[in-house]
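Residue numbers (the numbering used here), protein chains in the order written: chain D, 158 to 434; chain U, -3 to 391.
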């Protein structure tokens, strides 16, 4: 009788191993490739035989990659801040204030997030030109809100709806303005949800490619995904795999670190609705 | 301390009318309980007074001034919620100070007031804790403290004890009563528990389907309910009701039970036509058990419940479905299945018309004047050959 559990445990661990391998291998391969130079790049290795940081050095020498990272950080942080601020306020009214057309408004917000990016690309381009934000990081922030906001508004509205109504009423009896109710009562209770949605918005903004490619012109305004795609070698027939892999590793690391830091919060945020605030 | 008065207050939610034409006057310093079954509009009424809902029509005055258009914070009220509604991320101190901070009182003044209130409620040692580190009873105290600290003119309680266990509920009830004596504040207290209402209130307002059924002191409601609903709602165990037909409408009124027995009730039934369907009500403590041969009514004991200081017997009268409850002194319990005689003293009988309205009960005094002593005229059972009962004249 003791065999059956062992076999099933073995099967379970094999399955876990397969999934981890599937998820981690591409990243692992990028890391070991980024440490290789010259013709070694084109040899298939599964273990890091060389530890050469040459690719990382040339990455920063050949183009303004530091500037690109800074751009990405700026854009992503601004997107997170603006969308959390707007969506917290929107979520308050959408979840707590009864007004005509509330359902329609929520539906519209959801619909916006369903448009493929390409569909809004040309219209958005005109808009950004008209606002004088072409080749400007603020233009990117503005464009990214179109896909982060629907998501953050919906998530925060759902969470805010689940906070007990009496809390708000107690605050009203305490003579508190709606602004204070949101900032002093709701936001402290919602912060696990805010961290979760903020992190997801950050990742979206960090990885975005199409808008970033279209709305920027010069190297010093580009964000990391575009910069990586446009890394070129010495001639048009040379693809600098080493540099590209080094850049990929560099832009993945911050996201992984963020997720690890906030991992517990994300879980808390995802399950917060199940518990009473 | 302020008086609260409501004048023809209505509240509708969409097509549902939750409160209908409510008139109410609560004097300054009075403890008023709003009772009724769930969905009777009592909580809505409280929320209207608090200003958490707007009245549809009518006027609410606090301290003589109309407050319909004043926001809750400017009405001079404080409310204790059923769920306590403590701010979960704030300490007890912050919870209590939060409202005061909004009124821009000085830091020193706030600290003094919070500490004074905490002493009053014996929660000084809990001030730095978070709500989740408190027991249910302690949370309840903090919720009350948060109300007291604002020195409101009117306290509103929305079923504050319903989340506590039985022992704690009784203890907190006593504390609320003591608090009322101490603060001499106007308190409006919503509950579905008539025992809380009976023990705490100076005045009880019984509501049903958004309407006021009766307003009065607890004992007035207990002894002189205005209708069958109030009679059934106030008092535990519930009042016994026996369907009957009116046979004589001059005092004492004479009723015929479906089984043919005749009852007397010391009420003024002159407004009701002879032969109309009525309901006779009698509280369980007034149902007397006698020897079967002395009694006019007989019943079999179905069940009894021992409660220590007294016991309850559930009796089946004839073949009726409804059981009659009798409250008995300890040691006097009959055995199950035993045949017992029942006496229903006319002075303790209530009479309700078919629409539920109560006939005015004679008070003890004028009942004696009519020549019938308050000592029960036991009507002996005597059947003639046809099986219909013949009533003996009271002796």
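Glycine included, C-beta positions come from ideal geometry on N, C-alpha and C. This one's a predicted model, so the numbers in the text were calculated from it and none came from an experiment.
Quick one: list the residues of chain D neighbouring residue i, beta-carbon separation under 7 Å, in chain order.
i	result
residue 98 (chain U)	331, 332 and 333
residue 95 (chain U)	331 and 332
Determine the closest residue to residue i out of the options, with distance taken between C-alpha atoms.
i	options	result
residue 238 (chain D)	D:367, D:358 and D:369	D:358
residue 196 (chain D)	D:387, D:397, D:408 and D:420	D:397
residue 27 (chain U)	U:261, U:181, U:356 and U:330	U:181
residue 320 (chain U)	U:333, U:356 and U:280	U:280
residue 272 (chain U)	U:250, U:96 and U:307	U:250
residue 246 (chain D)	D:386, D:335 and D:395	D:335
residue 256 (chain U)	U:313, U:235 and U:318	U:313
residue 383 (chain D)	D:390, D:395 and D:363	D:363
residue 326 (chain D)	U:42, U:311 and U:64	U:42
residue 330 (chain D)	U:344, U:346, U:72 and U:14	U:72
residue 318 (chain D)	D:350, D:375 and D:228	D:350
residue 207 (chain U)	U:258, U:2 and U:252	U:2
residue 197 (chain U)	U:358, U:69 and U:187	U:187
residue 110 (chain U)	U:89, U:291, U:176 and U:70	U:89
residue 374 (chain D)	D:415, D:286 and D:322	D:286
residue 138 (chain U)	U:102, U:93 and U:219	U:93
residue 236 (chain D)	D:209, D:365 and D:395	D:365
residue 268 (chain D)	D:278, D:244 and D:308	D:308
residue 235 (chain U)	U:340, U:115 and U:57	U:340
residue 83 (chain U)	U:229, U:126, U:248 and U:163	U:126
residue 21 (chain U)	U:15, U:14, U:0 and U:146	U:0
residue 232 (chain D)	D:193, D:302, D:324 and D:344	D:302
residue 204 (chain D)	D:310, D:173, D:281 and D:189	D:189
residue 255 (chain D)	U:9, U:328 and U:74	U:9
residue 324 (chain D)	U:171, U:172, U:169 and U:80	U:80
residue 308 (chain U)	U:298, U:315, U:316 and U:317	U:298
residue 393 (chain U)	U:329, U:325, U:304 and U:305	An answer regarding residue 393 (chain U) cannot be provided, because it is not within the stretch -3 to 391 covered by chain U.
residue 258 (chain U)	U:11, U:294, U:14 and U:229	U:294
Counting only Cβ pairs nearer than 7 Å, list the residues of chain U close to residue i.
i	result
residue 324 (chain D)	81 and 83
Taking the continuous alpha helix (DSSP H) assigned at residue i, which residues delimit it?
i	result
residue 345 (chain D)	344 to 364
residue 372 (chain D)	367 to 372
residue 192 (chain U)	190 to 196
residue 281 (chain D)	274 to 287
residue 151 (chain U)	Residue 151 (chain U) -> not in any alpha helix (DSSP H); beta strand (DSSP E) instead, spanning 150 to 154.
residue 98 (chain U)	88 to 98
residue 211 (chain D)	211 to 219
residue 382 (chain D)	381 to 386
residue 329 (chain D)	322 to 330
residue 266 (chain D)	259 to 269
Which first and last residues belong to the beta strand (DSSP E) in which residue i is found?
i	result
residue 58 (chain U)	53 to 58
residue 308 (chain D)	Careful: residue 308 (chain D) lies outside any beta strand (DSSP E), inside the alpha helix (DSSP H) at 294 to 318.
residue 12 (chain U)	12 to 22
residue 8 (chain U)	0 to 9
residue 27 (chain U)	27 to 31
residue 338 (chain U)	335 to 339
residue 238 (chain D)	Taken as a continuous stretch (DSSP letters only), residue 238 (chain D) belongs to no beta strand (DSSP E), being part of the alpha helix (DSSP H) at 222 to 253.
residue 73 (chain U)	73 to 76
residue 331 (chain U)	First-last for residue 331 (chain U): undefined, no H or E at that position.
residue 46 (chain U)	Here residue 46 (chain U) belongs to no beta strand (DSSP E); instead the alpha helix (DSSP H) covers 38 to 46.
residue 237 (chain U)	236 to 244
residue 251 (chain U)	249 to 252
Run through chain D and tell me which residues come within less than 9 Å of residue i, C-beta to C-beta.
i	result
residue 75 (chain U)	326, 327 and 330
Note down, in chain order, every chain U residue with its Cβ under 8 Å from the Cβ of residue i.
i	result
residue 321 (chain D)	79 and 81
Got a sec: does the ligand SAH put a non-hydrogen atom nearer than 7 Å to the Cβ of residue i?
i	result
residue 136 (chain U)	With respect to the ligand SAH, the structure shown offers nothing to examine, as it has no ligands at all.
Selection of the segment 342 to 368 of chain D by Cβ proximity to chain U, strictly under 8 Å: 342, 345 and 346
Residues, ordered as in the chain, of the segment 33 to 49 of chain U that lie near chain D by beta-carbon distance below 9 Å: 43, 46, 47 and 48
Residues within the segment 47 to 71 of chain U neighbouring chain D, beta-carbon criterion of under 7 Å: 48, 68 and 69
Segments assigned alpha helix (DSSP H), at least 4 residues, entirely inside the segment 257 to 325 of chain U: none
Beta strand (DSSP E) runs contained entirely in the segment 160 to 226 of chain U, provided each spans 3 or more residues: 182 to 187, 199 to 204 and 207 to 212
Entirely enclosed alpha helix (DSSP H) segments - the segment 110 to 158 of chain U, minimum 4 residues: 132 to 144
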